[in-house]
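A quick write-up on the structure given underneath.
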Amino acid sequence: MTFRLLFGLLLTGIAAASAPAKDTSDLLRPIRAEEAVTIRPDKAYLLIRIDLRGTTQDPVILREPDAAELARYEGARAAAFAKRGSKGSIESFVFDYDGPPNLFILSHGKSISSDKNQATVLVEARPGDYVLYGQGFGKVLFQCHCLGTVGFAAAPGVVTDLGTYLSDDASKPSVYPELAGETNLGPTARMDFVLFAGGLVPASAGQALPTGVDRSTIRAAQFHAVGPFVDPNVWHINRLAAIPGVLRYDGGKVIDVASGKEAPPR
Amino acid sequence: MKAYLAAAFLAASSFPAPAQQPVMPDLNVPASDLGDERKFFVFHKAGVSLEQARADLGFCSRYIARGQQRFLPDFVAWKHADPARPVPNNLNYGLVGVAIMAIIDGPIDRSIRQARMMRCMLPRGYARYRTSEALWKRINSDDLASAIELQAQIASGPVPPAPRTLP
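Chains as they are written, first to last, in this note's numbering: chain P, 1 to 266; chain B, 1001 to 1167.
In structure tokens form, the structure reads like this:
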């Protein structure tokens, strides 16, 4: 098992290292400690604390593509499919899109402040509707919150405070009480690749802010539940832990607490 | 197995009924033949209907296809799922890399698949019961529709006569 684990991680590392670097700073850019924080009216700002006492996995967010982005993607995909010939269906066509990305990792290694227990990440991003998509490390999306998660809007000209992201080994009891229902799953959650549990604690009023961030610019994120979705291009799948007042589960159903309605599968 | 996993992604949301009803296997497995409990198990839920078990297993089978993990940043269309991206099979180490991947790829596929099925099925109230590697392979055949039907019959039938895997 250890051999397979090491070899798999080697595979991951080699592939990541060979991936071409893209300058995506106009779409999402971490603001570092040495930088003065200036809030632009045309940009959204996302603030998240990443608790490091469990694992050091980082949250991955998706900005829902707008109609123009989707049209560009679909056009490029159709053209590539046609160029390749009509073997198989376009639904099963694996397409390498080199257009502007919308899936980003919020790396604790690119924080605006940190200590041994927590890193605070502030990013300048494009305004829009976002989904807490999963978690990863470095440049790798390790697992998705495909079985249930949350979404939020990021408005321009303000800092949307997402609260604190938690991650821990799902096979063992967690250091976080918020993850109690998603952890201690036993050794099946530790075969070859560790399954992680993920959770989010929404921001509370008066929570500490990084130096240079004006409290008047802060808005607590308004979360809604996001139903199951499929992404086979990950190692593992999991669901975000239930969040009181926001997200709960009824068996396999994802329930948006505020509306009382199911967030249906995609 | 690869073709099976790819088919799972494309077909599981509306998989066809099997061409012929699969034959229910004998789940009595001698203790000495039970496989690794992390990997070789069947699902069961007391009181669940066959129809509901089919729906649950069909839903969760949407997740068993394993593709190459995404490297970030990336683009996700979101309104529809991407297909599984082929996993590299040689690591640029020539025949040695191909040989090693041939050895480890199947077991990795299986362990990822089982972890995903567990994560999807446990919240739906299903428990796991141990079985042998040979029986597991028979139950999880390359015919996805038959595999789901067989698993659904097991899940909604009598409690399997094998030790339960916790949780």
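All C-beta atoms in this analysis are idealised placements derived from N, C-alpha and C, irrespective of residue type, glycine included. Every value quoted in this text rests on a predicted model; they were computed, and no experiment measured them.
Residue i - DSSP class collapsed to helix/strand/coil
i, result
"P:Lys172", "coil"
"B:Phe1043", "strand"
"P:Leu6", "Unreliable placement is indicated for P:Leu6, whose pLDDT of 48 sits below 50; the coordinate value is still reported in the next sentence. Looking at P:Leu6 - three-state DSSP - the assignment turns out to be helix."
"P:Thr272", "The displayed coordinates of chain P run from 1 to 266. Any statement about residue 272 of chain P would go beyond what the structure contains."
"B:Pro1161", "coil"
"B:Ala1147", "helix"
"P:Phe142", "strand"
"P:Thr149", "strand"
"P:Ser204", "coil"
"P:Asp231", "coil"
"P:Tyr165", "strand"
"P:Arg29", "strand"
"P:Ile39", "coil"
"B:Tyr1063", "coil"
"P:Leu47", "strand"
"B:Pro1107", "helix"
"B:Arg1038", "coil"
"P:Gly134", "strand"
"P:Leu209", "coil"
"B:Leu1135", "helix"
"P:Gly251", "coil"
"B:Leu1050", "helix"
"B:Asp1056", "helix"
"B:Asp1082", "coil"
"P:Leu62", "strand"
"P:Pro177", "helix"
"B:Arg1124", "helix"
"P:Ala154", "strand"
Length of the line joining the Cα atoms of residue i and residue j
i, j, result
"B:Ser1049", "B:Phe1059", "15 Å"
"B:Cys1120", "P:Asp214", "42 Å"
"P:Glu91", "B:Phe1040", "32 Å"
"B:Tyr1126", "B:His1044", "5 Å"
"B:Ser1146", "B:Arg1113", "17 Å"
"P:His108", "P:Glu178", "20 Å"
"P:Gln143", "P:Phe95", "20 Å"
"B:Thr1165", "B:Arg1130", "6 Å"
"B:Asp1082", "P:Val60", "17 Å"
"P:Leu195", "P:Ala36", "38 Å"
"P:Val246", "B:Ala1019", "44 Å"
"B:Val1159", "B:Ala1053", "14 Å"
"P:Arg63", "P:Ala189", "29 Å"
"P:Leu141", "B:Ala1077", "16 Å"
"B:Gly1157", "B:Ala1046", "8 Å"
"B:Pro1163", "B:Gly1106", "26 Å"
"P:Tyr176", "P:Leu52", "11 Å"
"P:Ala258", "P:His224", "8 Å"
"P:Asp169", "P:Gly157", "37 Å"
"B:Ser1111", "B:Glu1037", "11 Å"
"B:Pro1167", "P:Ala71", "45 Å"
"B:Ala1031", "B:Val1042", "15 Å"
"B:Met1001", "P:Ser111", "With a pLDDT of only 48 at B:Met1001, under 50, the local geometry of the prediction cannot be trusted, and the value read off the model is given with reservation. Cα to Cα, the separation comes out at about 42 Å."
"P:Asn233", "B:Met1118", "18 Å"
"P:Ser25", "P:Arg248", "35 Å"
"P:Ile50", "P:Ala205", "18 Å"
Integer Cβ distance of residue i from residue j, believed to fall under 8 Å
i, j, result
"P:His145", "P:Gly134", "5 Å"
"P:Gln57", "P:Ser167", "4 Å"
"B:Val1029", "B:Leu1122", "About 22 Å separates the two Cβ atoms, so there is no contact after all."
"P:Ile237", "P:Leu147", "6 Å"
"B:Ile1139", "B:Leu1057", "Actually they do not touch by this definition, with Cβ atoms about 11 Å apart."
"P:Lys172", "P:Pro101", "P:Lys172 to P:Pro101, Cβ: 34 Å. No contact."
"P:Thr160", "P:Arg239", "Not a contact, Cβ separation roughly 23 Å."
"P:Ala76", "P:Tyr97", "6 Å"
"P:Gly128", "P:Ala154", "6 Å"
"P:Tyr130", "P:Gly151", "6 Å"
"B:Val1087", "B:Arg1066", "7 Å"
CB contact below 8 Å: residue i versus chain C
i, result
"P:Phe223", "Absent here is chain C; the protein component of the structure consists of chains P and B."
Residue i: CB within 7 Å of a non-hydrogen atom of the ligand SAM
i, result
"P:Ala36", "This structure simply doesn't include the ligand SAM, nor any ligand for that matter."
Open item on the list: For the structure I just gave you, are there three or more beta carbon pairs, one from the segment 79-92 of chain P and one from the segment 176-196 of chain P, closer than 8 Å?
Closed with: With the cut-off at 8 Å, the segment 79-92 of chain P and the segment 176-196 of chain P do not touch.
- [ ] Pair every Cβ in the segment 1145-1161 of chain B with every Cβ in the segment 1066-1074 of chain B, then say whether three or more of these pairs are closer than 8 Å.
- [x] no
Open item on the list: Whether or not the segment 25-40 of chain P and the segment 114-129 of chain P are in contact is what I'm after, with contact meaning three or more pairs of Cβ atoms, one per stretch, closer than 8 Å; do they touch?
Closed with: The count of Cβ pairs closer than 8 Å, one atom from the segment 114-129 of chain P and one from the segment 25-40 of chain P, reaches three, so the stretches are in contact.
Open item on the list: Quick test of the definition: if touching needs 3 or more C-beta pairs under 8 Å, does the segment 213-228 of chain P touch the segment 252-265 of chain P?
Closed with: yes
Open item on the list: If contact is defined by three or more beta carbon pairs under 8 Å, each pair taking one atom from either stretch, is the segment 86-105 of chain P in contact with the segment 40-51 of chain P?
Closed with: no
TODO: Could you tell me whether the segment 1020-1039 of chain B touches the segment 243-253 of chain P, where touching means 3 or more Cβ pairs closer than 8 Å?
DONE: no
TODO: Could I get the ranges of all uninterrupted beta strand (DSSP E) runs contained in the segment 96-130 of chain P, with 3 residues as the minimum, in chain order?
DONE: 103-105, 118-125
TODO: Write down every uninterrupted run of the beta strand (DSSP E) in the segment 65-97 of chain P whose length is 3 residues or greater and which is fully enclosed by it, in chain order.
DONE: none
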